[in-house]
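Chemist: The sequence shown maps to residues 1 to 378 in full-length UniProt numbering. First, the structure itself, so that you have it in front of you.
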Amino acid sequence: MNQESYRDTWAEVNLTAIAENIRAIKQLYQGKDVDIMAVVKANGYGHGAVPVAKQALKFGASYLAVALLDEAIILRKADIQAPILVLGRIRPQDVGVASQYNILVTVFQAEWLEEARNYLSPEDKIQVHIKFDTGMGRVGIRTKEEADSLLEFLANHSKQFSVNGVYTHFATADETDTSYVTEQHERFVRMLEWLKKWNINAPLIHSGNSAAGMRFPEKTFNLFRLGISMYGLTPSPEITEQLPVKLKQAFSLKSRLVQVKKLPKGEAISYGATYRTEKEEWIGTIPIGYADGWLRYHSTNGGEVLVNGKRAPFVGRICMDQCMILLPEQVEVGTVVTLIGEDGFDKITMDEVAQRLETINYEIPCIIGQRVPRVYMD
Ligand SMILES: *Cc1c(COP(=O)(O)O)cnc(C)c1O
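Quick look at the structure:
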């Protein structure tokens, strides 16, 4: 499973943490008839879609979700049999491919169905999930008119299109103020009524992402689309305290020192010579740079790493493939440097790194490039 690599920079993915997070989250639904759909889009939020999907299925998830048809096919080619939903819109001309791989597709346009029908052979059948836009403003049906034309088509073409699910997505489930979630939920309940006229019974109804599923189980229906928190990350810092489960971050990012040098006072470091040693200093070089998704902003905005459990700041500009740190003391070449994760008594959390880049934790593992091998710990 671990890809062969010859470089001294790697991401460690703790599959045990993923199993524990799923188990802890499932406890919230004990005794209830709610299934888990593990969201592994964007290569499993950068953790690796195939290993994460296999682990999730082994430890309690029964469905998978991805953003793209291509991502779904990667999972099928890795011998994963579980139902897979594509959350984004696939092109109507690709519906035959989706059918061939037995992929669940998201639908919200009657015209899409009309066009897709031309690409299905008479013996092909595709299972769809109808998406309602209850206030996210991204994709989905908004009006009863749109719903009626789509539902009428589905009712009349049930041999080729079967409705497996109906869903929506919350825009603010990770905020302390819950009023907009309530509003979206109420709209969704009203929209579900629209199906009755057409005698369409969807076995799966779902609305909850991590934040909603953990905070509002009563608004989650019978399937929980679990993404970020499966990876051990909280959907937003403002609700961390309120979450009913303790999560364990699965992703760490590590490198090793390739050079350690003692420089006298006043020596320049990196492009632009923007940093000058302030006294005699130990400077270390690590082989990771912006081409790995380790953005230049890490050094501009006070970024630190851990070396032997101690903090060390980036100095000078981050280069494409390498960067420099100010070491607290002399250390050996080859010493492990932790950019994200624990070392000794200290840890650099995904939230710390996200705050440094003025973004959300979701973005961080996603942008760590494919050039950084993922190593799986179980
Ligand atoms: C990404 C995504 C999710 C998962 O959200 P998390 O906040 O990561 O749990 C759920 N539903 C849809 C439609 C998504 O796009």
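Just so it is clear, CB atoms sit at the ideal spot from N, CA and C, and this is done for glycine as well.
#1: Looking at ILE286 and VAL337, is the spacing between their C-beta atoms short of 9 Å?
#2: Report the three-state DSSP secondary structure of PRO313 (helix, strand or coil).
#3: From the DSSP output, in three-state form, read off ALA147 for me.
#4: If you check the beta carbons only, do PHE224 and ILE18 fall under 9 Å apart?
#5: Determine the extent of the beta strand (DSSP E) in which TRP10 is found, giving its start and end residues.
#6: Measure the alpha-carbon distance for ASP8 versus PRO373 and round it to whole angstroms.
#7: In this structure, what does DSSP give as the bridge partners for SER255?
#8: For ligand 1, is there any heavy atom lying closer than 8 Å to the beta carbon of SER210?
#9: Can you give me the Cβ contacts of GLY303 inside the same chain, cut-off strictly under 6 Å, excluding the 5 residues immediately before and after it?
#10: Can you give me the Cβ contacts of VAL353 inside the same chain, cut-off strictly under 7 Å, excluding the 5 residues immediately before and after it?
#11: With distances taken from CA atoms, which of LYS77, LEU69, PRO83, ALA67 is nearest ALA56?
#12: Please work out which residues of its chain come closer than 6 Å, Cβ to Cβ, to ILE283, disregarding the five sequence neighbours upstream and downstream, and give them in chain order.
#13: Check for me: the alpha helix (DSSP H) holding LYS248 runs from which residue to which?
#14: Compare the beta carbon distance of ILE103 and GLY60 with 9 Å and say whether it is the shorter of the two.
#15: Quick one: is THR240 buried, meaning 16 or more other Cβ sit within 10 Å of its Cβ, or exposed?
#16: Based on the DSSP output, what are the partners of GLU342 in its beta bridges?
#17: Which full runs of the beta strand (DSSP E) of 3+ residues lie inside the stretch 123-185, going along the chain?
#18: Between the Cα of VAL105 and the Cα atoms of GLU123, PHE161, VAL375, which residue gives the shortest distance?
#19: Using the Cα positions of THR335 and LYS26, report the straight-line distance between them to the nearest angstrom.
#20: Going along the chain, which residues of its own chain have a beta-carbon closer than 8 Å to the beta-carbon of ARG20, five neighbours each way excluded?
#21: Going residue by residue through the stretch 10-66, where are the continuous beta strand (DSSP E) segments of at least 3 residues, counting only ones entirely within it?
#22: Between the Cα of PRO203 and those of ILE73, VAL163, LYS219, spot the shortest distance and give me the residue it belongs to.
#23: To the nearest angstrom, report how far apart GLY347 and PRO51 are at their CA atoms.
#24: Excluding the 5 residues flanking LYS279 on each side, which residues of the same chain have their C-beta closer than 8 Å to its C-beta?
#25: Please name the residue, chosen from LEU154, GLU4, PRO235, TRP112, that lies closest to THR176 on a Cα-to-Cα basis.
#26: Can you give me the C-alpha to C-alpha distance between GLY289 and PHE170, rounded to a whole angstrom?
#27: Please determine whether the Cβ atom of VAL39 lies at a distance below 8 Å from any heavy atom of ligand 1.
#28: Does DSSP put GLU329 in a helix, a strand or coil?
#29: Could you have a look at TRP198 and say whether DSSP puts it in helix, strand or coil?
#30: May I ask you to report which of helix, strand or coil DSSP gives THR300?
#31: Please return the same chain residues whose Cβ sits closer than 7 Å to the Cβ of SER270, not counting the five positions on each side in sequence.
#32: Expressed to the nearest angstrom, what Euclidean distance is found between the alpha-carbon atoms of ARG311 and ASP79?
#33: Give the DSSP-derived three-state secondary structure of MET1 in the structure shown.
#34: Cutting at 6 Å between CB atoms, please list the residues of its own chain near SER252, excluding the five before and the five after it.
#35: Specify, as a first and last residue, the run of the beta strand (DSSP E) that GLU99 falls within.
#36: Closest by CA to GLN322, which one among ALA291, PRO328, ALA147?
Modeler: This is what the structure gives:
#1: At a Cβ-Cβ threshold of 9 Å, VAL337 and ILE286 count as neighbours.
#2: Strand.
#3: Helix at ALA147.
#4: No, the Cβ-Cβ distance between PHE224 and ILE18 is not below 9 Å.
#5: 9-14 is the extent of the beta strand (DSSP E) around TRP10.
#6: Their Cα atoms are separated by approximately 10 Å.
#7: Note: SER255 sits in a beta bridge opposite THR9, VAL337.
#8: Checking the Cβ of SER210 against ligand 1 gives yes.
#9: Once the five neighbours on either side are set aside, the close Cβ partners of GLY303 are PHE314, ARG356.
#10: Cβ contact annotation for VAL353 (same chain, cutoff 7 Å, sequence separation greater than five): ILE340, ILE364, in chain order.
#11: Nearest C-alpha to ALA56 among LYS77, LEU69, PRO83, ALA67: PRO83.
#12: Answer for ILE283: LYS261, LEU263, MET324, listed in chain order.
#13: That residue, LYS248, is in no alpha helix (DSSP H); it is neither H nor E in DSSP.
#14: The Cβ-Cβ distance between ILE103 and GLY60 does not fall below 9 Å.
#15: Under this definition THR240 is an exposed residue.
#16: Listed as beta-bridge partners of GLU342 by DSSP are LYS347.
#17: Uninterrupted beta strand (DSSP E) stretches at least 3 residues long and entirely within the stretch 123-185 occur at 126-131, 161-167, given in chain order.
#18: Per the Cα distances, PHE161.
#19: Roughly 39 Å between the two C-alpha positions.
#20: The residue asked about is misnamed: residue 20 is Glu in this sequence, not Arg. Residues LYS248 of the same chain have their beta carbon placed closer than 8 Å to that of GLU20, with the five preceding and five following residues left out of the count.
#21: Contiguous beta strand (DSSP E) elements confined to the stretch 10-66 occur at 35-39, 61-66, taking only those with 3 or more residues.
#22: Comparing Cα positions, the closest option is VAL163.
#23: Before going on, a small fix: residue 347 reads as Lys here, not Gly. Taking the straight line joining both Cα atoms gives about 25 Å.
#24: Apart from the 5 residues on each side of it in sequence, LYS279 sits with its Cβ closer than 8 Å to the Cβ of LYS265 in its chain, given in chain order.
#25: Closest by C-alpha distance to THR176, out of LEU154, GLU4, PRO235, TRP112, is PRO235.
#26: In this structure, the alpha-carbon of GLY289 lies about 35 Å from that of PHE170.
#27: Relative to the non-hydrogen atoms of ligand 1, the Cβ of VAL39 comes within a distance shorter than 8 Å of at least one.
#28: In the structure shown, GLU329 sits in coil (DSSP, three-state: anything other than H, G, I, E or B).
#29: For TRP198, the three-state secondary structure derived from DSSP is helix.
#30: If DSSP states are grouped into helix, strand and coil, THR300 belongs with the helices.
#31: The beta carbon of SER270 is closer than 7 Å to those of GLY316, ARG317, CYS319, MET324 in its chain, skipping five residues each way along the sequence.
#32: A direct Cα-to-Cα measurement between ARG311 and ASP79 gives close to 43 Å.
#33: Note that MET1 scores a pLDDT of 42, beneath 50, so its modelled location is shaky and nothing firm can be said.
#34: Here the set comprises GLU12, ILE340, GLY341.
#35: In the sequence on display, residue 99 carries Ser and not Glu. Counting along the chain, no beta strand (DSSP E) covers SER99; the unbroken alpha helix (DSSP H) around it starts and ends at 95-100.
#36: Minimum Cα distance to GLN322 is reached at ALA291.
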